[in-house]
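A.B. asks:
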Amino acid sequence: MQDFLIELIGNEILALVIASALPLAFIVPFVIIAVWLERKVSAHMQDRLGPMRVGWHGLLQTVADFFKLIQKEDITPSLVDKKLFNIAPVIVFIGSYAVFAALPFTSTYIGMSLDLGLLYIIAVSGIVVAGILMAGWASNNKYSLLGSMRSAAQIVSYEIPTAIVILSLVMFTGTLSLSEMTELQTAYFWNWNILGGAEWNLAKFLIIPFMLIAFIIFYVSSLAEVNRTPFDMPEAESELVGGYHTEYSGMKFAMFFLAEYANMFAVSAIASVIFFGGYHSPIGYLGDLFGIEALIPFEQLFWFASKGIFFVFVQMWLRWTLPRVRVDQLMTICWKYLIPFSIVNLIIIGIITLI
Amino acid sequence: MLTEFGKIFIFISIAAIFVVISIFMAKLVRPSRPTNEKLKHYECGEEPVGTPWVKFNIRFYVIALIFLIFDVEVVLLFPWALGYQDYGWYGFAVGIIFLLVLALGMAYEWRKGDLEWERPRVVPPELSKILINVKGEKVTNKETTESKEA
Numbered sequence: 164m165q166d167f168l169i170e171l172i173g174n175e176i177l178a179l180v181i182a183s184a185l186p187l188a189f190i191v192p193f194v195i196i197a198v199w200l201e202r203k204v205s206a207h208m209q210d211r212l213g214p215m216r217v218g219w220h221g222l223l224q225t226v227a228d229f230f231k232l233i234q235k236e237d238i239t240p241s242l243v244d245k246k247l248f249n250i251a252p253v254i255v256f257i258g259s260y261a262v263f264a265a266l267p268f269t270s271t272y273i274g275m276s277l278d279l280g281l282l283y284i285i286a287v288s289g290i291v292v293a294g295i296l297m298a299g300w301a302s303n304n305k306y307s308l309l310g311s312m313r314s315a316a317q318i319v320s321y322e323i324p325t326a327i328v329i330l331s332l333v334m335f336t337g338t339l340s341l342s343e344m345t346e347l348q349t350a351y352f353w354n355w356n357i358l359g360g361a362e363w364n365l366a367k368f369l370i371i372p373f374m375l376i377a378f379i380i381f382y383v384s385s386l387a388e389v390n391r392t393p394f395d396m397p398e399a400e401s402e403l404v405g406g407y408h409t410e411y412s413g414m415k416f417a418m419f420f421l422a423e424y425a426n427m428f429a430v431s432a433i434a435s436v437i438f439f440g441g442y443h444s445p446i447g448y449l450g451d452l453f454g455i456e457a458l459i460p461f462e463q464l465f466w467f468a469s470k471g472i473f474f475v476f477v478q479m480w481l482r483w484t485l486p487r488v489r490v491d492q493l494m495t496i497c498w499k500y501l502i503p504f505s506i507v508n509l510i511i512i513g514i515i516t517l518i
Numbered sequence: 688m689l690t691e692f693g694k695i696f697i698f699i700s701i702a703a704i705f706v707v708i709s710i711f712m713a714k715l716v717r718p719s720r721p722t723n724e725k726l727k728h729y730e731c732g733e734e735p736v737g738t739p740w741v742k743f744n745i746r747f748y749v750i751a752l753i754f755l756i757f758d759v760e761v762v763l764l765f766p767w768a769l770g771y772q773d774y775g776w777y778g779f780a781v782g783i784i785f786l787l788v789l790a791l792g793m794a795y796e797w798r799k800g801d802l803e804w805e806r807p808r809v810v811p812p813e814l815s816k817i818l819i820n821v822k823g824e825k826v827t828n829k830e831t832t833e834s835k836e837a
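As you go down the protein sequences, you meet chains H and Z in turn.
If you count by the numbering used here, then the first sequence holds residues 164 to 518, one letter each, in order.
If you count by the numbering used here, then the second sequence holds residues 688 to 837, one letter each, in order.
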């Protein structure tokens, strides 16, 4: 994709700038649809209809909300730390957008094909914590500070089980690059990592239950990392008003919102890449069937997006199923359950790969 | 040809430029009519009491310390995870011993009770304090923040 753009435009830097802006063209429509979906899912689970007026079944509701947010007054309270207050949304969005650089959308498009993709993702997702802490501290508001402190403790703690699960997947596949990991799970769905990978031997069948455990640990801790219910302590609206973005309004608030939904897709996409074959189709390609090569990247984009959106849907589902946990329960789940289980799981996966 | 890290730099700049441009665009459209009440920071409609910039709880520091140890461990284990299969059981045992030493450290933390998220003691309100509140005198800040964290 990048090479094609470089040939088309002739200037390398300009072509790379356009190629790097492409995920943005994915994120913004995704967020518009996801916000609508969230409202619809929550409405139907509570036996309501949700937004119905703007467009077909309220489909244009989020677009209308976006235009409303643009016109809203941006209040900067007089006592805030102005510099940090203004920088914080930028940093939070950078943290979530940088993850998209390493995601393989199709076999032809990946922001940067670094061999260290997974390590890079673990590293840059830490930037979000700095932005959230900044927002909370600069707001000069007790709710914001408490929310951001909780958020930092939570994201930082749950990064460890995520990293250990990724480590066990790295031990199993022997690569850190997301596109290589996807290529290992090519062809049909029984080659996915969650079903034991592409090699047909004894280890494939032995490893399936431990892969399931690894996926559950990964999914739970990724829920906590993007501050979703049942782990939405940082923005628990019934006790902390709005958490770290209590004082934000207008477009700056919209940026926090955008970053949050982008993050939701990012973690779902990582889960689909390392466990569910990434952009690969579970049932073969239409392009192969009809002999049209050009169709395959679009099909891959479709599968990548639908796997991601499916896990985002499960996140919304869980939001309306499970009650919020307390702070002490949150820390107990992470340190006393997820981390010991993930370490034991890592040792078992290591033993199985060796036999 | 740009290196891969150069591409990351372009990605990060695009994200920053996107946010700055959209906030700037909104600035052109939106009204700006600040009043004294709007510019106060929010505390459920009450007059804000005291500053939130206080020393926060030591528990967060302990969590950060344990996180640091584990994160360094994970970073050290990544190269091992890529290469241990070349050395067979020997290579595996080396990594596991390293992991177990850390697990021992964590068991120690657990035993010492540093993983417990201590719940603040509930202090029942005393009549004398409530009377002081009504008079409008200064209340000690410590207890109010503690009970909010519960």
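Each residue gets a CB set at the ideal place from its N, CA and C atoms; glycine is no exception.
Predicted model, so just to flag it, every value in this text is computed and none were measured.
1) With burial defined as no fewer than 16 other Cβ atoms inside 10 Å of the residue's Cβ, what is the status of THR349(H): buried or exposed?
2) Can you pull the chain Z residues whose beta carbon is under 9 Å from the beta carbon of SER385(H), in chain order?
3) Starting from HIS207(H) and walking both ways along the alpha helix (DSSP H), at which residues does that stretch end?
4) What residue does the alpha helix (DSSP H) around THR484(H) start on, and which one ends it?
5) For PRO503(H), which of helix, strand or coil comes out of DSSP?
6) If you draw a straight line from the C-alpha of GLU833(Z) to the C-alpha of MET312(H), how long is it?
7) Work out the CA separation of ILE285(H) and PHE352(H) for me, nearest whole Å.
8) In the structure shown, what three-state DSSP assignment does PRO240(H) receive?
9) So what does DSSP say about ILE273(H), is it helix, strand or coil?
10) Taking the alpha-carbon positions, what's the PHE263(H) to ALA429(H) distance?
11) Can you check the region 760-816 of chain Z for any alpha helix (DSSP H) of at least 4 residues that lies completely inside it and give the ranges in chain order?
12) Near ALA434(H), which residues of its chain fall below 8 Å by C-beta distance, leaving aside the five closest residues on each side in sequence?
13) In terms of residue numbering, what span does the alpha helix (DSSP H) encompassing ASN426(H) cover?
14) Which two residues bound the contiguous alpha helix (DSSP H) that contains GLU343(H)?
15) Based on the DSSP secondary-structure assignment, which residues constitute the bridge partners of PRO721(Z)?
16) Among PHE465(H), MET414(H), GLY360(H), PHE394(H), which residue has its Cα nearest to the Cα of LEU481(H)?
17) Give the secondary structure of PRO393(H) by DSSP, where H, G and I count as helix, E and B as strand, and everything else as coil.
18) Evaluate PRO267(H) with the Cβ neighbour count: other Cβ atoms within 10 Å of its Cβ, from every protein chain shown; 16 or more gives buried, anything less gives exposed.
19) Please confirm whether TYR847(Z) has its beta-carbon closer than 7 Å to some beta-carbon of chain H.
20) Determine, using beta carbons only, whether TYR448(H) and PHE467(H) come nearer to each other than 7 Å.
21) On a Cα-Cα basis, can you pick out the residue from VAL762(Z), LEU791(Z), TRP767(Z) that is closest to VAL781(Z)?
22) Exposed or buried, TYR424(H), counting other C-beta atoms within 10 Å across all chains shown (16 or more means buried)?
23) If you count every other CB in all the chains shown that lies within 10 Å of the CB of ASN723(Z), and 16 or more means buried, which is it?
24) Just verifying my parser: in three-state terms, what is the DSSP assignment at PRO372(H)?
25) What is the DSSP secondary structure of PRO460(H), reduced to helix, strand or coil?
26) Pop quiz: GLU388(H) and THR325(H) are said to be a contact at Cβ under 8 Å. What is the actual Cβ separation, rounded to whole angstroms?
27) Suppose contacts are defined by Cβ-Cβ distances below 7 Å. Is ALA703(Z) in contact with ILE257(H) by that definition?
28) For the region 169-186 of chain H against the region 268-287 of chain H, are there 3 or more C-beta pairs whose distance is under 8 Å?
29) Tell me where the alpha helix (DSSP H) around LYS231(H) begins and ends.
30) Using a beta-carbon distance cut-off of less than 8 Å, what residues from the region 333-346 of chain H approach chain Z?
31) Hey, PRO739(Z) and ASN354(H): beta-carbon distance below 7 Å or not?
32) Which residues does DSSP list as the beta-bridge partners of PRO267(H)?
33) Only counting the same chain, and skipping five residues up and downstream in sequence, which positions put a Cβ closer than 6 Å to that of LEU332(H)?
34) Residues in the same chain with beta-carbon distance under 8 Å from GLU462(H), minus the five sequence neighbours each way, listed in chain order, please.
35) Would you say TYR748(Z) reaches chain H, if we count a Cβ-Cβ gap shorter than 7 Å as a contact?
36) Report the neighbours of LEU764(Z) on chain H: residues whose CB is nearer than 8 Å to its CB, in chain order.
C.D. replies: Reading from the atomic positions:
1) In the first sequence, the residue the question calls residue 349(H) occupies position 186. By the C-beta density criterion, THR349(H) is exposed, having fewer than 16 other C-beta atoms within 10 angstroms.
2) Taking the first residue of the first sequence as position 1, residue 385(H) is located at position 222. Those do not exist, as SER385(H) stays about 16 Å from chain Z at its closest Cβ, beyond 9 Å.
3) Indexing the first sequence from 1 puts residue 207(H) at position 44. Counting along the chain, the alpha helix (DSSP H) containing HIS207(H) begins and ends at 175-208.
4) As a position in the first sequence, residue 484(H) is number 321, starting the count at 1. Element bounds for THR484(H): n/a, residue is neither H nor E.
5) Along the first sequence, one-based indexing puts residue 503(H) at 340. In this structure, PRO503(H) counts as helix in the three-state DSSP scheme.
6) Stepping through the second sequence from its first residue, residue 833(Z) is reached at position 146. Stepping through the first sequence from its first residue, residue 312(H) is reached at position 149. Note that GLU833(Z) scores a pLDDT of 49, beneath 50, so its modelled location is shaky and nothing firm can be said.
7) Residue 352(H) sits at position 189 when you count from the first residue of the first sequence. Residue 285(H) sits at position 122 when you count from the first residue of the first sequence. Straight-line Cα distance between these residues: approximately 27 Å.
8) Start at 1 with the first residue of the first sequence, and residue 240(H) comes out as number 77. Coil at PRO240(H), not helix or strand.
9) On the first sequence, position 110 is the one that residue 273(H) refers to. Residue state, collapsed to three classes: strand.
10) As a position in the first sequence, residue 263(H) is number 100, starting the count at 1. As a position in the first sequence, residue 429(H) is number 266, starting the count at 1. Whole-angstrom Cα-Cα distance: 7 Å.
11) Qualifying alpha helix (DSSP H) stretches, in chain order: 775-799.
12) Indexing the first sequence from 1 puts residue 434(H) at position 271. These residues qualify, in order along the chain: PHE378, PHE381, TYR382, SER385, PHE474.
13) Mapped onto the first sequence, residue 426(H) falls at position 263. That run of the alpha helix (DSSP H) goes 413-438.
14) One-based indexing of the first sequence puts residue 343(H) at position 180. Taken as a continuous stretch (DSSP letters only), the alpha helix (DSSP H) holding GLU343(H) covers 341-347.
15) The count along the second sequence starts at 1 and reaches residue 721(Z) at position 34. According to DSSP, which records beta bridges pairwise, PRO721(Z) is partnered with nothing at all.
16) Translated into the one-based positions of the first sequence, residue 481(H) becomes position 318. Taking only the C-alpha atoms, the option nearest LEU481(H) is PHE394(H).
17) In the first sequence, the residue the question calls residue 393(H) occupies position 230. PRO393(H) falls in the coil class under three-state DSSP.
18) For the purposes of this step, residue 267(H) is taken as residue 104 along the first sequence, with counting starting at 1. Buried.
19) With chain Z represented from 688 up to 837, any question about residue 847(Z) goes unanswered, as that position is not in the structure.
20) Working through the first sequence from its first residue, we reach residue 448(H) at position 285. Working through the first sequence from its first residue, we reach residue 467(H) at position 304. A distance of 7 Å or more separates the beta carbons of TYR448(H) and PHE467(H).
21) In the second sequence, the residue the question calls residue 781(Z) occupies position 94. That would be TRP767(Z), whose Cα lies nearest to the Cα of VAL781(Z).
22) Along the first sequence, read from residue 1 onward, the residue named residue 424(H) stands at position 261. Label assigned to TYR424(H): buried.
23) Here residue 723(Z) refers to the residue found at position 36 when the second sequence is read from its first residue. ASN723(Z) is exposed by the Cβ-count criterion.
24) By one-based count along the first sequence, residue 372(H) stands at place 209. DSSP places PRO372(H) in helix when its eight states are reduced to three.
25) By 1-based counting over the first sequence, the position of residue 460(H) is 297. Helix, per DSSP.
26) Translated into the one-based positions of the first sequence, residue 388(H) becomes position 225. Translated into the one-based positions of the first sequence, residue 325(H) becomes position 162. That pair is a contact at about 7 Å.
27) Position 16 of the second sequence, counted from the start, is the residue given in the question as residue 703(Z). Position 94 of the first sequence, counted from the start, is the residue given in the question as residue 257(H). In this structure, ILE257(H) lies closer than 7 Å to ALA703(Z) by Cβ.
28) Touching, yes, given that three or more Cβ pairs across the two stretches are closer than 8 Å.
29) Counted from its first residue, the first sequence places residue 231(H) at position 68. Counting along the chain, the alpha helix (DSSP H) containing LYS231(H) begins and ends at 224-234.
30) VAL333, MET334, GLY337, THR338, LEU339
31) Locating residue 739(Z) in the second sequence gives position 52, counting from the first residue. Locating residue 354(H) in the first sequence gives position 191, counting from the first residue. It is not a contact, given that the beta carbons lie outside the stated cut-off.
32) For the purposes of this step, residue 267(H) is taken as the residue at position 104 of the first sequence. Per DSSP, ILE273(H).
33) Position 169 of the first sequence holds residue 332(H). Counting only Cβ-Cβ distances below 6 Å, and skipping sequence neighbours, we find ILE437.
34) Numbered from its first residue, the first sequence carries residue 462(H) at position 299. Result list for GLU462(H): SER444, TYR448, LEU449, GLY450, in chain order.
35) Numbered from 1 along the second sequence, position 61 holds the residue referred to as residue 748(Z). It does not: the Cβ of TYR748(Z) has no partner Cβ on chain H nearer than 7 Å.
36) Numbered from its first residue, the second sequence carries residue 764(Z) at position 77. Those within 8 Å of LEU764(Z) in chain H are LEU330.
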